[in-house]
Amino acid sequence: MNDSPALNLIATTAFGIEAVTAKELEHLGYQPRIDGSGRVRFTGDWTDAMRANLHLRTADRVLIEVAQIPAGDFDALFEGVQLIDWEKWIDAKGAFPVKARSYQSQLTSLPAIQRATKRAIVERLQSAYGPSLPETGAGYTIEIAIAKDIATLTIDTSGQGLARRGYLDAERHSPMKPTLAAALVQLSFWNQDRPLLDPFCGSGIILIEAAMIARKIAPGLLRDFALIDWPAVDQNVWLDLQEEARAEMLPSLPETIIGYDEDASALHLARQQAIAAGVDRDIHFQKQSFVQLTSKRQYGCLITSLPYDDHPRARRAQWDFYRGIPDVLRHLPTWSHFILTAYPEFERAMGQEADRRRKMYLGRTECHFYQYHGPPPGKPERQRDVTEEETPEKSKPQIVPAFGGLDDKAHEQAQLLKNRLAKRARHLRRWPKRGIHCYRLYDRDIPEIPLVIDLYHDCLHVTDYDRPHDRTPAQYSEWLEHLCQAASEVLEIPAENVFLKHRQRQTGSSQHEKVSDESRILIVEEGGLKFEVNLTDYVDTGLFLDHRNLRNQFRDEAAGKHVLNLFCYTGAFSVYAAAGGAALTTSVDLNANYLDWAGRNFQLNGLSIAKHHFIRSDVMEYLRDQKPGPKFDLAIVDVPTFSNSKRNEEIWDVQHDHVELLQRTLGLMSPGGVVYFSNNFRRFKLDEAALSDVAIREISKHTVPEDFRNQRIHRCWKLVKYG
């Protein structure tokens, strides 16, 4: 090698990771200096330039700064470039393409800047080498960057960007550069002794880079760089540097790295690239959805880049997806989580702020790298020497997870719930002998535990009501799980028979919206009859327990009568009426699924449907289509508070629409006919003055069963048409 000049070197980086690159240079023995956005300066010689290209994981390129010159106009630019001793850098056959950038300067035409710079360099080299410059030799890519009328001229030593690792599939594009992936790993807490997983690994870039970092595999070992072909550079030194890098490599990792994704083709590419990088034995790739994520390993790191679609049609799905993340991650209580995303509502959706965040760019897309720190490795000592069984909740070592976690208050509340449920279970223990197998055990009895718990034979149906609280979403989910576990233990009901639902403030048809596809169906008994309930798929199960008393009364009055059931839902009232000897029942609902469900309830009880009609229709449309006149003797009208549907643009509001509903229903009743009208709108006021020729009596306190602490769970009126 010729005597190497002192080189002013610049490692260029993506925005936001300059400090990571500077730290890498420090580790290599240099004294870096961050010089604005995306530039880290250091000094060295040809060997240092080669070493930087070989070992830097997060830099984009390594440049040699040749000079800085004034560039207020083209004359100054040309003269300044021509005065530079380019023959010191470029040999007689060297190819020297020119690239240009300009920022807040007088010269703005990039093609003109490139032409002027190229011409000035050509004239300088012709004066040194003669008129012939074939440009058939090594490449020296020159960049002129003008900022505020000062031009910085550099030569690129890297050739292709350092992100072009040798293991990358040239035909398939990865959305994340390996340089950014390496930065994410180095910004995390991960080291080779801790578990690591990426639940959205895609083509595996983050995990491959992590494995290479842990095994000390130099990122440039699988490729060459532009300066290697330069005559001034000693090839033997380059070979020595490669040999040194190979000698530093570690044979394997103590912990297998895990990558999950739902895209089988992406996983195939990930495996191929891991093989090319030489880390395939260190990484296990598996097809798995995010919601299935779990791990028995402790104190790991999750590092991932989350998908984001900014199309307006995707916003609702994006919100639901991100909002569900904490509920998954809480199952990794000792882990730390490092998440890159462009989603602007990320922290709001997660329900808690990150411990740290850093602005970055994925390509040209602005992102943030969110860090949620779990507990450090190592187990805290117990407060006293006792066995696990003897250890009270408060004496157990406390771990503060990144997501979720239970405090002492949660354990106290669980005990309060146990005590209350045990007392209620003793009080209601004889109800099954009375033919009541489905009843309310707990009705928000304790204000700080606003749950509703219903027993369906040997299953518990737990409903959580949306309310303000000071827990994060993950902490709240864990709190609910803890309470469900407490209920399961004290009532001696298997955990798999406990079903938790979240009920938000009712809007539209949300009362009966589908929330799951598990289809856990149970056949239950009530009043000597059988009913199908679905404990998983809907907020409500298909059997309203608060109408148990009214259903019994309805059956007692149904013998020989023509019965109308409006908003029939799953047809429980119709089943009771048919079992009570009704001559005919007519069940009306707009939802075909619930009408089918009603039919199955009839079949469960051996009731012939020959004289029983199931009509799919909007209730108001059905009533408006009927000619007034006596058709029915007994009717049940259990209405929703608010309802709309895609099929019918008309919006139902009980306060606004109940008068027309009852007038039309009464118009179909025979003299002396009875209409039971019920709803659960707390502020409802029945407009009795608008209803003529009818006797009206509120019977709410007689129709709400005693197991309901909330005696205003519904309101009910008995309307009798005058003869």
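In this text, residue positions in the sequence shown follow my numbering: the first is 901, and each later residue adds one. Here a beta-carbon is modelled for each residue, glycine too, at the ideal position from N, C-alpha and C. In this text, all values refer to a predicted model and were calculated from it rather than measured experimentally.
Nearest-angstrom Cα separation, counted from residue j out to residue i
{"i": "Ser-1487", "j": "Ala-1477", "result": "11 Å"}
{"i": "Arg-957", "j": "Trp-986", "result": "30 Å"}
{"i": "Cys-1468", "j": "Phe-1542", "result": "15 Å"}
{"i": "Phe-1454", "j": "Leu-1466", "result": "14 Å"}
{"i": "Leu-1619", "j": "Glu-1588", "result": "10 Å"}
{"i": "Glu-1348", "j": "Arg-1320", "result": "13 Å"}
{"i": "Leu-909", "j": "Asp-960", "result": "13 Å"}
{"i": "Gly-1623", "j": "Lys-1531", "result": "14 Å"}
{"i": "Ile-871", "j": "Ile-1044", "result": "Nothing about residue 871 can be read from this structure; the chain reaches only from 901 to 1623."}
{"i": "Cys-1359", "j": "Cys-1384", "result": "12 Å"}
{"i": "Tyr-1003", "j": "Ala-911", "result": "20 Å"}
{"i": "Leu-1139", "j": "Ala-1147", "result": "12 Å"}
{"i": "Thr-943", "j": "Thr-1057", "result": "14 Å"}
{"i": "Ala-1047", "j": "His-1211", "result": "36 Å"}
{"i": "Leu-1443", "j": "Phe-1473", "result": "10 Å"}
{"i": "Ile-1346", "j": "Asp-1093", "result": "46 Å"}
{"i": "Ile-1613", "j": "Leu-1586", "result": "16 Å"}
{"i": "Pro-1571", "j": "Glu-1418", "result": "47 Å"}
{"i": "Val-981", "j": "Gly-1102", "result": "46 Å"}
{"i": "Arg-1282", "j": "Val-1300", "result": "Because the pLDDT of Arg-1282 is 36, which lies under 50, any placement of that residue in the model is unreliable, and the question is left without a value."}
{"i": "Ala-1177", "j": "Cys-1201", "result": "22 Å"}
{"i": "Tyr-1494", "j": "Arg-1516", "result": "10 Å"}
{"i": "Met-1250", "j": "Ile-1050", "result": "46 Å"}
{"i": "Leu-1121", "j": "Asp-948", "result": "16 Å"}
{"i": "Leu-1523", "j": "Val-1537", "result": "12 Å"}
{"i": "Arg-1197", "j": "Thr-1372", "result": "24 Å"}
Cβ neighbours of residue i in the same chain (closer than 6 Å, five flanking residues each side left out)
{"i": "Thr-1363", "result": "Val-1352, Lys-1401, Arg-1403"}
{"i": "Thr-1291", "result": "With a pLDDT of 43 at Thr-1291, under the threshold of 50, the modelled position of that residue is not reliable, and no figure is offered here."}
{"i": "Arg-1324", "result": "Leu-1341"}
{"i": "Gly-994", "result": "Gly-1037, Ala-1038, Tyr-1040"}
{"i": "Lys-1318", "result": "Ala-1386, Val-1390"}
{"i": "Pro-1131", "result": "Asp-991"}
{"i": "Phe-1581", "result": "Thr-1541, Val-1554"}
{"i": "Val-1398", "result": "Leu-1360, Cys-1384, Ser-1388"}
{"i": "Arg-1001", "result": "Ala-1045"}
{"i": "Gly-1567", "result": "Pro-1528"}
Where residue i falls: helix, strand or coil (DSSP)
{"i": "Tyr-1160", "result": "strand"}
{"i": "Arg-1516", "result": "strand"}
{"i": "Ser-1027", "result": "helix"}
{"i": "Gly-1572", "result": "strand"}
{"i": "Arg-1609", "result": "coil"}
{"i": "Leu-1202", "result": "strand"}
{"i": "Tyr-1476", "result": "helix"}
{"i": "Asp-1285", "result": "Per-residue confidence for Asp-1285 stands at a pLDDT of 39, beneath the threshold of 50, marking its modelled position as unreliable; the derived number appears in the next sentence. Looking at Asp-1285 - three-state DSSP - the assignment turns out to be coil, as it is neither helix nor strand."}
{"i": "Pro-970", "result": "strand"}
{"i": "Phe-1399", "result": "strand"}
{"i": "Arg-1340", "result": "strand"}
{"i": "Thr-1041", "result": "strand"}
{"i": "Val-1133", "result": "coil"}
{"i": "His-1361", "result": "strand"}
{"i": "Cys-1468", "result": "coil"}
{"i": "Met-901", "result": "The predicted model places Met-901 with a pLDDT of 42, which falls under 50 and marks its position as unreliable; any figure quoted below should be read in that light. In the structure shown, Met-901 sits in coil (DSSP, three-state: anything other than H, G, I, E or B)."}
{"i": "Phe-1089", "result": "coil"}
N- and C-terminal bounds of the beta strand (DSSP E) containing residue i
{"i": "Gln-1271", "result": "1265 to 1272"}
{"i": "Met-1260", "result": "1256 to 1262"}
{"i": "Thr-1008", "result": "Unbroken run through Thr-1008: none, as it is neither H nor E."}
{"i": "Ala-1214", "result": "Ala-1214 -> no beta strand (DSSP E), and no H or E assigned at all."}
{"i": "Arg-1248", "result": "Segment 1246 to 1250 is the alpha helix (DSSP H) holding Arg-1248; no beta strand (DSSP E) there."}
{"i": "Arg-1371", "result": "That residue, Arg-1371, is in no beta strand (DSSP E); it is neither H nor E in DSSP."}
{"i": "His-1184", "result": "1183 to 1187"}
Residue i, enclosing alpha helix (DSSP H) - first and last residue
{"i": "Asp-948", "result": "946 to 955"}
{"i": "Asp-1308", "result": "1308 to 1327"}
{"i": "Ile-1106", "result": "1105 to 1114"}
{"i": "Tyr-1648", "result": "Nothing about residue 1648 can be read from this structure; the chain reaches only from 901 to 1623."}
{"i": "Ile-1225", "result": "1225 to 1229"}
{"i": "Ala-1051", "result": "It is not in any alpha helix (DSSP H) - Ala-1051 instead sits in the beta strand (DSSP E) that spans 1050 to 1056."}
Nonlocal neighbours in the same chain, by C-beta distance under 7 Å from residue i, ignoring five residues either side
{"i": "Arg-951", "result": "Leu-928, Leu-1141"}
{"i": "Gln-1060", "result": "none"}
{"i": "Glu-1432", "result": "Ile-1421, Ile-1423, Gly-1442, Trp-1497, Arg-1500, Asn-1501, Leu-1504"}
Contact belief for residue i with residue j at Cβ below 8 Å, rounded distance in angstroms
{"i": "Cys-1338", "j": "Glu-1426", "result": "6 Å"}
{"i": "Asp-1227", "j": "Ser-1377", "result": "5 Å"}
{"i": "Ala-1110", "j": "Leu-1229", "result": "Ala-1110 to Leu-1229, Cβ: 19 Å. No contact."}
{"i": "Leu-963", "j": "Thr-1054", "result": "4 Å"}
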